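Trainee:
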Amino acid sequence: MAQISLHKRSLPALACTADDSKLLPCTCHIKYDQVRLYATFTLQHVIDTNDATTMHSFTFIYNSDNLHPETTTYTTSGRDLTQLESQHIARNITPKVRALSLQLKKPCAILCPKERIPRPTHLIGLAKATDITIIFDRNWLTSQQHRFIFDIVAQPETFSGFPIDEKNLKGRRLDNWTVFYPADDRVSNEPHPYIKLSSKRSLQESDDTAGLSPPKRILCTPVHSPTKEATVIPTPRSWEAPPNIDGLQHAPLPPSTPSPYAVSVRTPTPHSLPPRAESLHNLEDDLTTIFENTAYDAQYLRSAADDEFLSAVEEQRQGFQYSTEDALREFLEEIDRIVDETFCKLEEKVVQYLESVEESVEEQFEKVITEKVDRFAYAYGKWMMSVARSAAGSRGGRMTRKAGQKAIHQKN
């Protein structure tokens, strides 16, 4: 059985009717069986009583075969939620809000407490409504469970609701919306069709049909002869010994010493004892009936225990899966946080390094330029000095030659 449920709690949800804008906080439980084609949505609302230690719950049951296939939808919710409403359904800081709209053919069945409690009148509208909207956070569900809901909504007519028996009631009673009204205003006390009729006979049915059943017999053991074989005899109206009949053993019981094996039942007064063969035949029929009822009870208890065990295993598995998903999500978030912090620190260091490199490059560039300029100025100065010397030397030579030529000319 594929069952959408959470470990130790159900799906937190909000519910409202089509003509009521107020959202009711509750929990949603979705049961889905692919093999037996069962599908049921339930909403549970818990109310407080005058006793602070006692809480009572009302469970609204929406079976798949009670849904209109054309108008039942599962979409993204477009409703704006308050902060408290978002906190009620959200699993994390980024909820994915979904809306499950159920169109019912008739008002749903309700599981309510057996004891008398103050009637929660604020639930009347939800109990009588045939147009229900359930809002919850998509993050609570796995991808497979998400597909389950789509399968149910797409073809609700192919499924039927989970049967409800004494095991499912768990000390509660099944009723309808009239449970929220006074007893005088209730329209019907007929048994509800939601309870699966079983072939096992109930105690009430046995009491009501006792007058129509064949007379029951008593297995008696004589007081003074415990080793003697007990004889099946019908229960007389009084404890007087029955008349002796040839070929029949009987065990008379005195009025002052009732046998612990005798069972008081309502039977007609017999006028004569049946023959031994007929008594044995009736005993065989009774033993066969007892055996069949016992076998049915054993099979029923075994099936109920198996279902309960499988449900517990499924809840444990889903709880482990949710815990694993939460741990993995937290681990990934922690990794992202560490990566972000490391990246920020690395970025700061890179920026500082680039700034220091830029300053160093500027200093080196200025130093190199200054050295080049100084060397160029020095070389240029030397060159200018050599040019000046060479210019001065050539001018002095010309003057010397002119002076020598002039002296020779004067001498001649």
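No gaps in the numbering here: position 249 of the sequence shown is 249 in UniProt numbering, and each next residue is one more. In this text, a Cβ means the ideal position worked out from N, Cα and C, and glycines have one as well. Every value quoted in this text rests on a predicted model; they were computed, and no experiment measured them.
I need the boundaries of the alpha helix (DSSP H) containing His146, first residue and last residue.
Mentor: Ser143 to Ala154
Trainee: Check whether the Cβ atoms of Leu174 and Ile124 lie closer than 9 Å to each other.
Mentor: no
Trainee: In or out: Asn244 buried (at least 16 other Cβ within 10 Å) or exposed?
Mentor: Bear in mind that the predicted position of Asn244 carries a pLDDT of just 48, short of 50, making it too unreliable to give a figure here.
Trainee: Within the continuous beta strand (DSSP E) that includes Gln103, where are the two ends?
Mentor: Segment Val97 to Gln103, the beta strand (DSSP E) holding Gln103.
Trainee: Please classify Arg147 as buried or exposed, where buried requires at least 16 neighbouring CB atoms within 10 angstroms.
Mentor: exposed
Trainee: Checking 9 Å against the spacing of the C-beta atoms, do Ile135 and Ala15 come in under that value?
Mentor: yes
Trainee: Classify residue 416 as helix, strand or coil using the three-state DSSP reduction.
Mentor: The structure shown does not extend to residue 416, since the chain is modelled only from 1 to 412, so the question has no answer here.
Trainee: Can Arg329 and Asn92 be called in contact, C-beta distance under 9 Å?
Mentor: yes
Trainee: Check whether the stretch 150-159 touches the stretch 60-67, taking contact to mean three or more Cβ pairs, one atom from each stretch, closer than 8 Å.
Mentor: In the pairwise beta carbon analysis, the stretch 150-159 is classified as touching the stretch 60-67: at least three pairs are separated by under 8 Å.
Trainee: For the alpha helix (DSSP H) that Ala127 lies in, which residues bound it at each end?
Mentor: Ile124 to Lys128
Trainee: Output the residue ranges of the alpha helix (DSSP H) runs that lie fully inside the stretch 35-96 and measure 4 residues or longer, sorted by chain position.
Mentor: 83-89
Trainee: For the candidate residues Gly171, Tyr296 and Phe331, whose alpha-carbon lies nearest to that of Glu115?
Mentor: The shortest Cα separation from Glu115 among Gly171, Tyr296 and Phe331 belongs to Gly171.
Trainee: Does Lys31 pass the burial test, meaning 16 or more other C-beta atoms within 10 Å, or should it be called exposed?
Mentor: buried
Trainee: Buried or exposed for Lys335, going by 16 or more other Cβ atoms inside 10 Å?
Mentor: The sequence as given places Ile at residue 335; Lys does not occur at that position. Flag for Ile335 reads exposed.
Trainee: With a cut-off of 8 Å on the beta carbons, I'd call Ala18 and Ile152 a contact; round off their distance for me.
Mentor: About 20 Å separates the two Cβ atoms, so there is no contact after all.
Trainee: When DSSP labels each residue in this structure, what does Arg276 get in the three-state scheme?
Mentor: helix
Trainee: Apply the 10 Å Cβ neighbour rule to Gly161 and answer buried if 16 or more other Cβ atoms are within range, or exposed otherwise.
Mentor: buried
Trainee: Could you check if Ser202 is buried or exposed, using at least 16 other CB atoms within 10 Å of its CB as the buried criterion?
Mentor: Only weak support exists for where Ser202 lies, its pLDDT of 44 falling under 50; the value from the coordinates is given anyway. So Ser202 ends up on the exposed side.
Trainee: Under the three-state reduction of DSSP, which class applies to Asp131: helix, strand or coil?
Mentor: strand
Trainee: Based on the DSSP secondary-structure assignment, which residues constitute the bridge partners of Thr27?
Mentor: Pro12 and Gln44
Trainee: Following the continuous alpha helix (DSSP H) through Phe167, name the residue where it begins and the one where it ends.
Mentor: For clarity, residue 167 is Lys in the given sequence; the question names Phe instead. Looking at the DSSP string, the run of the alpha helix (DSSP H) that includes Lys167 is Glu166 to Leu169.
Trainee: How long is the line joining the alpha carbons of Val357 and Lys367, rounded to whole angstroms?
Mentor: Straight across, the Cα-Cα distance linking Val357 with Lys367 is about 15 Å.
Trainee: Tell me the DSSP bridge mates of Cys112?
Mentor: Cys112 pairs with Arg173.
Trainee: Taking its Cβ as the centre, do 16 or more other Cβ atoms sit within 10 Å of Tyr181, making it buried, or is it exposed?
Mentor: exposed
Trainee: Compare the C-alpha of Ala13 against each of Asp33, Val46, Gln34 and Arg36 and name the closest.
Mentor: In this structure, Val46 is the residue among Asp33, Val46, Gln34 and Arg36 with its C-alpha nearest to the C-alpha of Ala13.
Trainee: In the DSSP assignment, what are the bridge partners of Asp33?
Mentor: Tyr38
Trainee: Since Ala90 contacts Thr133 with CB under 8 Å, what's their CB separation in whole angstroms?
Mentor: At roughly 18 Å, the Cβ-Cβ gap does not stay under 8 Å, so Ala90 and Thr133 are not in contact.
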